[in-house]
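Under the numbering used here, the first residue of the sequence shown carries the number 36, and numbering increases by one thereafter. The beta-carbon is built from N, C-alpha and C at its ideal position, and this holds for glycine as well.
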Amino acid sequence: MKFMHQKKWMIITPLILFIILFFTGAGKSDLLRKIARSQKRLNDVYKYLVLNYVDEIDIDKFTSETIHNIVSEMDPYTVFMEESEQDGLKLLTNGSYGGVGIQIGKQDGELTVIAPMEDSPASRAGILSGDVIVKIDSLETEGMTLNKASSLIRGPRGSKVVLTIRRRHLDTPLVFSLTRDKIVINDVALAEEVEPGLLYIRLTRFSRNAPAEMKSALQALVNSRTQGIILDLRDNPGGLLKSAIDILDYFIPKGETLLYTKGRVRNANRSYLSEHDPIVPERVKVAVLINGGSASASEIVAGAIQDLDRGLIIGQTSFGKGLVQSVIDVDSRSALKITTAKYYIPSGRLIQKPGYIEKDLIEPDSTGKDTLFTTSNGRPVKGGGGITPDERVEGKRVPLLTQSVWREGLLFDFVRDHREDYASFAAVQQDSSRLVDQFVAFIQSDSIDIPLPGEQEAREGLQKLREDPALRSRADSLLQELNRNIGKREHSLFREERGDLQLAVLQEFARQMEGAKGRIRFSLPRDPIFRRAATLLTNEAAYNRFLVAKGE
């Protein structure tokens, strides 16, 4: 048994050395001596624990936990991934997976079909939005996590999975035996001409398929009448660096620097240039929409377009992730995703926000500091904290009651129960006034919890007062008054938010009846950020004013 312990430690020790070398660099003998001393301490502690602990330790689990704990001290993007944790990475690198094509979530604690994908095994078999999955093969789903359920439903193409479904209004469960197929994830959620001469493209991620999807959309839509393109990267968390570079190539003239990366290891230092003539003619104006959910590859695209004055950035400041990760296979069942470089966009600015790693783990000033930079036209731009838009436009704020009905799944439930009453979404829109009245009655009967600002603190304070016998009567009186006032306020919210609730109901009908594309099409005309972009792209003088440095 001692030999097995030593063999396991022989595996973990090179991994620890590899992590240390990546984050400190190796070229000085004193550094190597420090590494050797530190490794010996780790090795000794590990062996003492597994050999001498009062209970026998599960070596595999203990080793995995040890590695996870070591890596957790680094930045949030450096992670040790075992086989079951690599699904997200595979989706990015492959752009597809083996499965049945359903999006699942939790509704009232139950594993629920949010939506079947178009032309998937699930949709062809008749699985519907709102179906509750009670079994996957022979396993009950009660208490099952989404990750676990996803891993059970996915599998090799051609293999089978049996889903037992509970459907509303049916007494007997439905059993679906589905043959898994290759499910392709579409990165381009919508691409179409939304106004004469104005194109809109919604890109949701940067997987391996993103460049091909973007190229296909641009080649199909861009013509001599095209005046402007709105590229919507809001809530796009990023993905593959190569996909971002390839997509920039469609907009930027050949030979321009798009990005460069700098790290401690020689092969981490690299420049990326546009290599082809762009698909989008230079005369076509461009607006990129971003928000706080736009990160990584989204910021590469938005930042390069801004720095090279190829278009305008509209919305809110982006997330601020300017770190590059590389994936190294540790063995056949695990991999290390490690931050190896920082990326810099054409002006030279670093987009990474500070504070991504504990300062006492890194050498002073090793992260660098950005100051003020300029675009190709001499416009000042800031680094070190995401992409700041050229035109800041706030999105529509979702008010309290509407937030609550989304959060508690009431919109989903209501639309699921009423969508079969309508032959088309157009019929829903014509009946929207009556529908919102029905929905208000539905949520009032559900005793929905609306967390008003300060309510929780007030209740906790009054409960604290009740602990004093001398103040209990007064506290009870104040609590009754609080409940009356909250009831009045909640009642007024139904009146104040009627328009927001009506819009939310229509959005959910559009999604359940026409999919993600239908929801986007319905929402765009009511989107203040989209409207501002459309206005600027159709006003050449206003558009050009943004791209000229002040004083010129």
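Contact check, residue 512 vs residue 421 under 8 angstroms by CB: the rounded distance?
Taking the first residue of the sequence shown as position 1, residue 512 is located at position 477. Taking the first residue of the sequence shown as position 1, residue 421 is located at position 386. About 50 angstroms; that fails the 8 angstroms criterion.
According to DSSP, residue 198 sits in a beta bridge with which residue or residues?
By 1-based counting over the sequence shown, the position of residue 198 is 163. According to DSSP, residue 198 bridges with 171, 211.
Delimiting residues of the beta strand (DSSP E) encompassing residue 137
The count along the sequence shown starts at 1 and reaches residue 137 at position 102. Here the beta strand (DSSP E) through residue 137 covers 137-142.
According to the neighbour-count rule (16 or more other Cβ atoms, all chains shown, within 10 Å of its Cβ), is residue 363 buried or exposed?
Position 328 of the sequence shown, counting from 1, holds the residue named residue 363. Per the 10 Å Cβ criterion, exposed.
Report the start-end ranges of each beta strand (DSSP E) in the stretch 329-404 that is 3 residues or longer and not cut off at the edges.
Within the stretch 329-404, the complete beta strand (DSSP E) runs of at least 3 residues are 347-350, 358-366, 369-379.
Using C-beta distances below 8 angstroms, list every residue in its chain close to residue 434, excluding the 5 sequence neighbours before and after it, in chain order.
On the sequence shown, position 399 is the one that residue 434 refers to. Excluding residues within five positions, the ones whose Cβ falls inside 8 angstroms are 528, 531, 532, 535.
Give the secondary structure of residue 84 by DSSP, where H, G and I count as helix, E and B as strand, and everything else as coil.
For the purposes of this step, residue 84 is taken as residue 49 along the sequence shown, with counting starting at 1. DSSP places residue 84 in helix when its eight states are reduced to three.
Measuring only the C-alpha atoms, how far is residue 259 from residue 221?
Your numbering for residue 259 matches position 224 in the sequence shown. Your numbering for residue 221 matches position 186 in the sequence shown. Cα-Cα distance, rounded: 27 angstroms.
Neighbourhood of residue 570 by C-beta, 8 angstroms cutoff - its chain only, sequence neighbours within 5 removed:
Here the question's residue 570 lines up with position 535 in the sequence shown. Cβ neighbours of residue 570 beyond the five flanking positions: 577.
Excluding five sequence neighbours on each side, which residues of the same chain lie with their C-beta closer than 7 angstroms to the C-beta of residue 408?
Taking the sequence shown and counting its residues from 1, the one referred to as residue 408 is at position 373. Counting only Cβ-Cβ distances below 7 angstroms, and skipping sequence neighbours, we find 382, 383, 384, 416, 418.
With burial defined as no fewer than 16 other Cβ atoms inside 10 Å of the residue's Cβ, what is the status of residue 568: buried or exposed?
For the purposes of this step, residue 568 is taken as the residue at position 533 of the sequence shown. By the 10 Å Cβ count, residue 568 comes out buried.
Under DSSP, the beta strand (DSSP E) around residue 275 begins and ends at which residues?
On the sequence shown, residue 275 is found 240 positions in, with the first residue counted as 1. In the DSSP assignment, residue 275 falls outside any beta strand (DSSP E), carrying neither H nor E.
Does the beta-carbon of residue 100 have 16 or more other beta-carbons within 10 angstroms, so that it is buried, or is it exposed?
To locate residue 100, count along the sequence shown from 1; it is residue 65. Here residue 100 is exposed, its C-beta having fewer than 16 other C-beta atoms within 10 Å.
Using alpha carbons as the reference points, say which of 245, 84, 148, 265 lies closest to residue 273.
Walking along the sequence shown from the start, residue 273 turns up at place 238. The residue with the shortest Cα to Cα distance from residue 273 is 245.
Residue 425 versus residue 287 - alpha carbon distance
Numbered from its first residue, the sequence shown carries residue 425 at position 390. Numbered from its first residue, the sequence shown carries residue 287 at position 252. Near 19 angstroms, if we compare the C-alpha coordinates of residue 287 and residue 425.
Is the Cβ-Cβ distance between residue 175 and residue 169 less than 9 angstroms?
Within the sequence shown, the letter at position 140 stands for residue 175. Within the sequence shown, the letter at position 134 stands for residue 169. Taking 9 angstroms as the cut-off, the Cβ atoms of residue 175 and residue 169 count as close.
Alpha carbon to alpha carbon, what distance is there between residue 475 and residue 357?
Reading the sequence shown from its first residue, position 322 is the one you call residue 357. Reading the sequence shown from its first residue, position 440 is the one you call residue 475. Across the structure, residue 357 and residue 475 are spaced so that their CA atoms are roughly 45 angstroms apart.
Considering only DSSP beta bridges, list what residue 235 is partnered with.
Here residue 235 refers to the residue found at position 200 of the sequence shown. Bridge partners of residue 235 according to DSSP: 227, 265.
On the three-pair Cβ rule with 8 angstroms, is the stretch 451-464 touching the stretch 539-546?
Taking a cut-off of 8 angstroms on C-beta distances, the stretch 451-464 touches the stretch 539-546, as three or more cross pairs fall below it.
Cβ contact (3+ pairs, closer than 8 angstroms) linking the stretch 487-495 and the stretch 437-444
Touching, no.
The beta strand (DSSP E) that contains residue 149, what's its start and end?
The sequence position of residue 149 within the sequence shown is 114, counting from 1. 145-151 is the span of the beta strand (DSSP E), which, as asked, contains residue 149.
Measuring alpha carbon to alpha carbon, tell me which of 303, 280, 205 ends up nearest residue 334.
Position 299 of the sequence shown, counted from the start, is the residue given in the question as residue 334. When only C-alpha atoms are compared, the closest one is 280.
Segment contact, 8 angstroms Cβ cut-off, at least three pairs: the stretch 230-243 with the stretch 293-300
No, because fewer than three Cβ pairs between the stretch 230-243 and the stretch 293-300 fall closer than 8 angstroms, the two stretches do not touch.
Straight-line CA distance for residue 581 to residue 289?
If you number the sequence shown from 1, residue 581 lands on position 546. If you number the sequence shown from 1, residue 289 lands on position 254. For residue 581 and residue 289, the gap between their C-alpha atoms comes out near 24 angstroms.
Distance, residue 70 Cα to residue 659 Cα
Since the first and last residues shown for the chain are 36 and 587, residue 659 lies out of range.
Residue 377 burial status per 10 Å Cβ neighbour count (16 or more: buried)
Position 342 of the sequence shown, counting from 1, holds the residue named residue 377. Around the CB of residue 377, 16 or more other CB atoms lie within 10 Å, so the residue is classed as buried.
May I have a chain-ordered list of the alpha helix (DSSP H) segments no shorter than 4 residues that lie completely inside the stretch 402-486?
Listed in chain order, the alpha helix (DSSP H) elements of length 4 or more contained wholly in the stretch 402-486 are 435-442, 445-453, 460-465, 467-480.
Report the three-state DSSP secondary structure of residue 101 (helix, strand or coil).
Taking the first residue of the sequence shown as 1, we reach residue 101 at position 66. Correct three-state label for residue 101: helix.
Which listed residue (572, 466, 498, 265) has its alpha carbon closest to that of residue 226:
The sequence position of residue 226 within the sequence shown is 191, counting from 1. Per the Cα distances, 265.
May I ask you to report which of helix, strand or coil DSSP gives residue 510?
Here residue 510 refers to the residue found at position 475 of the sequence shown. Reduced to three states, the DSSP call for residue 510 is helix.
Sorted by chain position, which residues of the same chain lie with C-beta nearer than 7 angstroms to residue 427's C-beta, five sequence neighbours on each side aside?
As a first step, residue 427 is located in the sequence shown; it is residue number 392 there, counting from the start. Answer for residue 427: 351, listed in chain order.
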